[in-house]
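Novice: Take this structure, written in structure tokens, and hold onto it; I'll ask about it next.
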Amino acid sequence: MSTDHVSRIVEQWAVERPELDTAPMEVIGRLHRLADLLRERLLVVYAEFGLSEGEFDLLATLRRSGAPYELSPTDLAASTMVTSGAITKRVDRLAARGLVERRADKHDGRARTIVLGPAGRKLIDRAVEAHYANEKRLIEGLADIDRARLVRILQTWGNLLELV
5 MSTDHVSRIV EQWAVERPEL DTAPMEVIGR LHRLADLLRE RLLVVYAEFG LSEGEFDLLA
65 TLRRSGAPYE LSPTDLAAST MVTSGAITKR VDRLAARGLV ERRADKHDGR ARTIVLGPAG
125 RKLIDRAVEA HYANEKRLIE GLADIDRARL VRILQTWGNL LELV
């Protein structure tokens, strides 16, 4: 296998501080670099639709919630793992573009519901198709068995970290 950036760092530490256990960097360093590279390539597709990463996430969350494509700001925050303040800013930007709207909650007139509008649904349907085609392209160099193993490994590791 060819030498990559992380290998060079590990080699340098082996010379400068040979007593350090750099084995974790072999995994974490590569995952960190890979995450950065993947994010760059995902953002390009979102931008093609005039969306930021957060706006894509919010519209996709509403769309996959199913008809009538509406959620409370609290549910949106939980599904997107951002603060309610961040949700407010995203909703403001998307509402200004006519992609979502705020409505009074059916059960509590004081509360608001965020609703995916027809233009938002049309946009996110196109964007999601392009997004998944992009993701498929990004992993197509991996054999099916390697993808399946990677899914299991990452899922197991994520579950372990959530317990810590």
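Residues in the sequence shown are numbered from 5 upward in steps of one, following this note's numbering.
Note that beta-carbon positions come from the ideal geometry of N, C-alpha and C, so glycine has one too.
#1: Compare the Cα-Cα distances from I32 to each of L158, N163, D109 and E166 and report the closest residue.
#2: Please state the DSSP three-state secondary structure of V31.
#3: How about L75 and L66: are their beta carbons less than 8 Å apart?
#4: How should H135 be labelled, buried or exposed, when 16 other C-beta atoms within 10 angstroms of its C-beta is the threshold for buried?
#5: DSSP three-state call for L120: helix, strand or coil?
#6: Within 10 angstroms of its Cβ, does L103 collect 16 or more other Cβ (buried), or is it exposed?
#7: Within a Cβ cutoff of 8 Å, which residues of the same chain sit near L146, ignoring the five residues on either side of it in sequence?
#8: In the DSSP assignment, what residue or residues form a beta bridge with E105?
#9: For L142, tell me which candidate among E15, R43, H36 and T26 has the shortest Cα-Cα distance.
#10: So P72 and R116 are supposed to be a Cβ contact under 8 Å. How far apart are they, rounded?
#11: Using DSSP bridges, identify the partner residues of L75.
#12: How would you write the range of the alpha helix (DSSP H) that T7 sits in, first residue to last?
#13: Counting Cβ pairs closer than 8 Å, one from the segment 115 to 130 and one from the segment 84 to 102, do we hit at least three?
Specialist: Looking at the atomic coordinates:
#1: L158
#2: helix
#3: yes
#4: buried
#5: strand
#6: By the neighbour-count rule (16 or more Cβ atoms within 10 Å), L103 is buried.
#7: L154
#8: V119
#9: R43
#10: The pair is not a contact, with the Cβ atoms about 15 Å apart (cut-off 8 Å).
#11: I118
#12: Here T7 belongs to no alpha helix (DSSP H), and DSSP marks it neither H nor E.
#13: Enough Cβ pairs lie closer than 8 Å, so yes.
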